[in-house]
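Shown next, in structure tokens, is the structure this report addresses.
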Amino acid sequence: MRAIAVHRGEELPRVIDVPTPEPEPGEVLVETLRVGVDGTDHEVIKGTHGGFPPGDDYQILGHEAIGVVVDPTTTGFDVGDLVMPTVRRPPNGTNEYFERGEPDMAPDGQYVERGIVDAHGYMSEYFTSPAEFLVEIPESLAPHGFLVEPMSNAEKALEHAYATRSAFTWEPESALVLGNGPLGLLTLARLARDVDDLYCLGRRDRPDPSIDIIEKLGATYVDSRETPVPEIPAEHGHVDIAVEATGYAKHAFEVLDALAPNGVGALLGVPGDWSFEIEGGRLHREMVLQNKALVGSVNSHIPHFEDAIETVSSLPDWFVDDIVTEVVPAEDPSAAFERNTDQIKTAVEFVSPSER
Ligand code: NAP
Ligand code: BGC
Ligand code: ZN
1 MRAIAVHRGE
11 ELPRVIDVPT
21 PEPEPGEVLV
31 ETLRVGVDGT
41 DHEVIKGTHG
51 GFPPGDDYQI
61 LGHEAIGVVV
71 DPTTTGFDVG
81 DLVMPTVRRP
91 PNGTNEYFER
101 GEPDMAPDGQ
111 YVERGIVDAH
121 GYMSEYFTSP
131 AEFLVEIPES
141 LAPHGFLVEP
151 MSNAEKALEH
161 AYATRSAFTW
171 EPESALVLGN
181 GPLGLLTLAR
191 LARDVDDLYC
201 LGRRDRPDPS
211 IDIIEKLGAT
221 YVDSRETPVP
231 EIPAEHGHVD
241 IAVEATGYAK
251 HAFEVLDALA
261 PNGVGALLGV
271 PGDWSFEIEG
281 GRLHREMVLQ
291 NKALVGSVNS
301 HIPHFEDAIE
311 TVSSLPDWFV
321 DDIVTEVVPA
331 EDPSAAFERN
341 TDQIKTAVEF
351 VSPSER
């Protein structure tokens, strides 16, 4: 079958031929419709995040897949069900994190991530998965259901951010998203449901499709080249909640100054090593005396996918049309991996959702 993989020493993914996987009892064989591409895929291609499956000199990409069950084996799924796989799997049998249903909280070494960390991904005509790691997706999401996995990352980050504020009365009125890539824009759309006073940070000149989306969502675009993060204004002062999705490490600390007292910042970006100075004493004091919180968040699991299905189902049509800038055929997927300011979310198509 056709698969799209990155090879050791190569800079661009290419189409390869690999055997079609055979499902074991308890596993499901899924025919892939579409697979989304995000910043993490670019990090995997560059070799700055994740790793190849042990013993292999290539890695099949893709962790945002939607597909159709073609062989449910002994599971409760039916042929034709629309499904999306979660990303993490246990490396050796199982472990306490997976048994508790919290693989997203597993430390390094206690998980692999399909298409990212030490395991092949879903960017192939077929893939198999144990049934417990598949989420059923409503038919209406067949064309853009690949947005559910990245939205589930935002759902988890917001769940953890809100949890840090659950000990007191906290009603966020303003929010800032750092980053206008696909994760930042999905997070902004999710926050627009609950918060009126919204800001989103980028570093682009107009005209730019991501700035158009920010403004159509009713948010204010902030250019980091003109406005330092600590100075980002909100109608009533600084912001109650901030989500970092740039991968720009200084933002993890600068965001503390953008937060209002009792505010919370959630960090999602995955930067490389970078040493720089921060005003550690002042920021430490600020966090303590202003009751501020910072929380890191990675990955997501079934409950976050379920929340994300609801959120993605409620996104306005214009948002989906504007954020999904290109869907390219799996025979020639190179355009899905091009980085330019016209592209936001791209996806690779194996089977057209309308032809299944
Ligand atoms: P992306 O496409 O690389 O988006 C990052 C965006 O941030 C880009 O639009 C970039 O602008 C902008 N940016 C970077 N530095 C900036 C700066 N100094 N000022 C203003 N804007 C800046 O990636 P993504 O898919 O949206 O993901 C965002 C980050 O989250 C990545 O680091 C990714 O690895 C990580 N991630 C984490 C999780 C998790 O579970 N924790 C999940 C998914 C992704 P330009 O395009 O103009 O350069
Ligand atoms: C994926 C997550 C993964 C994270 C870190 C993200 O792009 O969507 O599932 O845990 O990268 O590898
Ligand atoms: Zn991702």
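Take 1 as the starting number for the sequence shown in the numbering used here and just add one per residue.
Here a beta-carbon is modelled for each residue, glycine too, at the ideal position from N, C-alpha and C.
Quick caveat, the model's predicted, so the values are computed rather than measured.
Chain-order list of residues whose beta-carbon lies under 8 Å from that of residue i (same chain, five-residue window excluded)
i: A242; result: A175, L176, V177, L178, V255, A258, L259, G263, V264, G265 and A266
i: T74; result: P25 and G26
i: E226; result: none
i: A192; result: L198, L217, G218 and A219
i: R204; result: N180, S210, I211, D223 and T341
i: E306; result: V135
i: D322; result: P209, D212, I213, K216 and I344
i: K292; result: L256, L259, P261, N262, G263, V264, G265 and E286
Residue i CB to nearest heavy atom of the ligand ZN below 7 Å
i: E244; result: no
i: N153; result: yes
i: P150; result: yes
Proximity test, residue i beta-carbon vs the ligand NAP heavy atom, cut-off 7 Å
i: D205; result: no
i: V6; result: no
i: E43; result: yes
i: E340; result: Note that residue 340 is Asn in the sequence shown here, rather than Glu. Flag unset: Cβ of N340 not near the ligand NAP.
i: N180; result: yes
i: L191; result: no
i: V270; result: yes
i: Y248; result: yes
i: G121; result: no
i: G184; result: yes
i: G202; result: yes
Residues sharing a beta bridge with residue i, DSSP
i: R114; result: A119
i: P130; result: E27
i: D41; result: Bridge partners of D41: none, in fact.
i: L198; result: A175
i: S124; result: A3
i: T346; result: V37 and E326
i: Y58; result: H7
i: D81; result: Its beta-bridge partners do not exist; DSSP assigns none.
i: T32; result: G67
i: S136; result: For the sequence presented, residue 136 should be read as Glu rather than Ser. In DSSP, E136 forms a bridge with V83.
i: A293; result: V264
i: V15; result: I4
i: R88; result: E113
i: G101; result: BP columns for G101 are empty, so no partner.
Any non-hydrogen atom of the ligand BGC closer than 7 Å to residue i Cβ
i: H63; result: yes
i: D38; result: yes
i: G50; result: yes
i: N95; result: no
i: S297; result: no
i: I116; result: yes
i: E306; result: no
i: S129; result: no
i: E349; result: no
i: S224; result: no
i: V35; result: no
i: E24; result: no
i: V312; result: no
i: E102; result: no
i: S431; result: Since the first residue of the chain shown is 1 and the last is 356, residue 431 is not available in this structure.
i: V87; result: yes
Other residues of its chain near residue i: CB distance less than 7 Å, five sequence neighbours each side excluded
i: E64; result: V35, G36, D38, F146, E149 and P150
i: A189; result: L217, L315 and F319
i: V79; result: V69, V70 and P72
i: W170; result: N262
i: L283; result: F253 and L256
i: E102; result: H301
i: P130; result: G26 and E27
Proximal residues to residue i (C-beta, below 6 Å), its chain only, five neighbours per side dropped
i: E113; result: V87 and R88
i: P333; result: I4 and V348
i: T325; result: Q343 and I344
i: K156; result: S297, S300 and H304
i: T128; result: P21, P23, E27 and L29
i: H412; result: Limits of the chain in this structure are 1 at one end and 356 at the other, which puts residue 412 out of reach.
i: T246; result: L178, G179 and G269
* **Contiguous alpha helix (DSSP H) assignments of at least 4 residues, all confined to the stretch 310-344** => 317-323
* Is it a yes or a no for the stretch 98-117 touching the stretch 137-145, going by three-plus beta-carbon pairs under 8 Å? -> With the cut-off at 8 Å, the stretch 98-117 and the stretch 137-145 do not touch.
* Asked: Three or more C-beta pairs closer than 8 Å, one from the stretch 202-209 and one from the stretch 339-353: is that the case here?
  -> yes
* Every unbroken alpha helix (DSSP H) inside the stretch 202-273 [4 residues or more] -> 209-216 and 251-258
* Touch check for the stretch 44-61 and the stretch 115-124: three-plus C-beta pairs under 8 Å? -> yes
* Asked: Are the stretch 92-109 and the stretch 157-168 in contact at 8 Å, needing three or more beta carbon pairs?
  -> no
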